[in-house]
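Counted the way this note's numbering counts, the sequence shown spans residues 1 to 230.
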Amino acid sequence: MRHRIFVDAIAPRTEVAGDEFHHSIRVVRVRAGEEVELFDREGRAARGVVEAIERDRAIIVAGDALPSRESPLVMHLAMSVIQLEKFELVLQKATELGAASIVPMETEHTEVRRERYQGKLERWNKILFEATKQSGRARIPRLEAPLSFDEVLARPGVKLLFDADAEPTSVERMNEVTLLIGPEGGWSDDELRRARDFGCGFMRLGPRRLRAETAAIVALSVIASRFGDL
Numbered sequence: 001m002r003h004r005i006f007v008d009a010i011a012p013r014t015e016v017a018g019d020e021f022h023h024s025i026r027v028v029r030v031r032a033g034e035e036v037e038l039f040d041r042e043g044r045a046a047r048g049v050v051e052a053i054e055r056d057r058a059i060i061v062a063g064d065a066l067p068s069r070e071s072p073l074v075m076h077l078a079m080s081v082i083q084l085e086k087f088e089l090v091l092q093k094a095t096e097l098g099a100a101s102i103v104p105m106e107t108e109h110t111e112v113r114r115e116r117y118q119g120k121l122e123r124w125n126k127i128l129f130e131a132t133k134q135s136g137r138a139r140i141p142r143l144e145a146p147l148s149f150d151e152v153l154a155r156p157g158v159k160l161l162f163d164a165d166a167e168p169t170s171v172e173r174m175n176e177v178t179l180l181i182g183p184e185g186g187w188s189d190d191e192l193r194r195a196r197d198f199g200c201g202f203m204r205l206g207p208r209r210l211r212a213e214t215a216a217i218v219a220l221s222v223i224a225s226r227f228g229d230l
């Protein structure tokens with residue numbers, strides 16, 4: 001398996017410096033002449049060969065472009081902020097399952113309020129980056145600004161709310177969708193009413209109640225299996 005290296009932009013001769021240079025050359029011990037895989041901020045990926053290693057940079061000759069590993073279905077995960085360790089697990093697994101973006105969402109029963117996680121955003125972006133690198137994706141999911149439940153409902157496009165007691169609605173084939181996952185305490189009756197008023201679709205995830213982090217992983221898997229590339 002080729003080592004993956006992130007760069008700002010893939011060019012015929014691409015320079016690697018900074019943290020990626022240190023990790024790839026000093027930690028992983030990639031050598032001159034070794035084949036690697038490049039991916040960049042535009043979501044492109046290509047084969048490459050390490051041409052030269054200098055004191056604080058490496059030069060990689062880019063080769064053939066690699067096919068996209070992105071899902072044809074654009075999935076946005078609006079996730080109520082749960083216990084931070086569990087939320088970070090969701091970030092990792094959502095990336096592996098092909099989510100295009102993750103929206104920290106505040107609901108009536110949200111366990112962790114914004115002032116407690118505002119300082120975690122840099123760490124969360126790093127988790128998304130590392131999961132992208134590990135999973136073979138080229139496009140890093142966006143970590144969007146935190147939104148309230150009503151702000152998520154007001155977003156354009158198809159929205160599906162997952163609830164253990166919901167009466168499921170029919171779901172047609174789609175190209176893009178926002179999945180809403182609530183907190184451990186569930187949705188309030190008022191939130192469910194507002195979701196219906198906004199025309200939100202409803203889905204269940206089987207007869208058993210799932211923890212919020214499990215529900216997020218299963219919801220992404222089910223939707224990606226039905227409409228995406230799983």
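The beta-carbon is built from N, C-alpha and C at its ideal position, and this holds for glycine as well. Values in this document were obtained by computation on a predicted structure and should not be read as measured data.
{"Asked": "Residue burial classification, H22 (beta-carbon count within 10 angstroms, cutoff 16)", "Found": "exposed"}
{"Asked": "Between the CA atoms of S71 and A131 - distance to the nearest angstrom", "Found": "16 Å"}
{"Asked": "L230 versus A224: straight-line alpha-carbon distance, rounded", "Found": "6 Å"}
{"Asked": "C-alpha distance - V238 paired with G119, whole-angstrom precision", "Found": "Within the shown structure, residues of the chain are numbered from 1 to 230, placing residue 238 beyond reach of any answer."}
{"Asked": "CA nearest to the CA of T14, picked from E42, I60 and V49", "Found": "I60"}
{"Asked": "Pair within 8 Å by beta-carbon distance, T169 and G136", "Found": "no"}
{"Asked": "When G48, D40, A215 and I5 are compared against I25, the one with the closest alpha-carbon", "Found": "I5"}
{"Asked": "Beta-carbon proximity check, P141 vs E106, cutoff 8 Å", "Found": "no"}
{"Asked": "Inter-residue Cα distance where the pair is R57 and V158", "Found": "45 Å"}
{"Asked": "Contact set for E108: own chain, Cβ-Cβ below 7 Å, skip 5 residues either direction", "Found": "S188 and E191"}
{"Asked": "Whole-Å CB distance - W179 paired with L220, under 8 Å assumed", "Found": "Note that residue 179 is Leu in the sequence shown here, rather than Trp. Right, the Cβ-Cβ distance comes to about 7 Å (below 8 Å), so this counts as a contact."}
{"Asked": "Rounded straight-line distance, which links the Cα of I217 to that of L97", "Found": "8 Å"}
{"Asked": "Residues bridged to A52 (per DSSP)", "Found": "I59"}
{"Asked": "Element boundaries [alpha helix (DSSP H), containing S225]", "Found": "A212 to F227"}
{"Asked": "Where the alpha helix (DSSP H) containing T95 begins and where it ends", "Found": "L84 to E96"}
{"Asked": "Same chain, Cβ closer than 8 Å to A99, neighbours up to 5 away in sequence not counted", "Found": "M75, H76, L77, P141 and L220"}
{"Asked": "When L160, I82 and L205 are compared against G185, the one with the closest alpha-carbon", "Found": "I82"}
{"Asked": "Alpha-carbon spacing of L73 relative to I181, whole angstroms", "Found": "18 Å"}
{"Asked": "Counterpart residues of D40 in DSSP-defined beta bridges", "Found": "V7"}
{"Asked": "Straight-line gap, R193 to E88 (C-alpha atoms, nearest Å)", "Found": "29 Å"}
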